[in-house]
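According to my numbering, the sequence shown is numbered sequentially starting from 81. Even for Gly, the Cβ is constructed at its ideal location relative to N, Cα and C. Since the structure is predicted, the reported quantities are computational estimates derived from the model, not experimental observations.
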Amino acid sequence: MMESQTIGEMRVLSLTGRLDSINATETEAAIVAEIRDGATRLVLDCSGLSYVSSAGLRVFLVVAKRMKEIGGRVVLAGLAPSVKEVFAISGFLQILTVCETRDDAIAMCA
């Protein structure tokens, strides 16, 4: 599930539940639609995510690639310890910008 909020020229997308093979394609399509609609600065608030699978990781990779292509910026926020561990093991913490809190991510993305 995803909720979208616009703050100035920035979109804050709040992800909740599990991000896995069951909903990764739908979530990716929804985020890419936000980019197509003109979002060049995204905060992905992951504080509501309890689980991310390899299919879920792919969503973040695709979004980061799309944002790089358009000169945009994406910042992740609020990774739960178990989710952060998945990002660390996969090496995603080295290629994505991650902040502890939503407010920190908004400030970094502004």
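Per DSSP, residue i forms a beta bridge with which residues?
i, result
"Ala110", "DSSP, once it has assigned bridges, lists no residue as partnering Ala110."
"Glu149", "Paired residue(s): none; Glu149 is not in a bridge."
"Asp125", "Ser94, Ala157"
"Val178", "Leu156"
Please state the DSSP three-state secondary structure of residue i.
i, result
"Leu173", "helix"
"Ile102", "coil"
"Ser84", "strand"
"Ser133", "coil"
"Ala144", "helix"
Please report the distance separating the alpha-carbon of residue i from that of residue j.
i, j, result
"Ala110", "Ser170", "24 Å"
"Arg182", "Thr86", "14 Å"
"Ala160", "Phe167", "10 Å"
"Ala135", "Gly118", "25 Å"
"Ser162", "Met147", "26 Å"
Do the segment 174 to 187 and the segment 82 to 94 make contact, defined as three or more Cβ pairs closer than 8 Å?
-> Segments in contact, yes.
Kindly confirm or deny that the segment 112 to 123 and the segment 140 to 157 touch, where touching means at least three C-beta pairs closer than 8 Å.
-> yes
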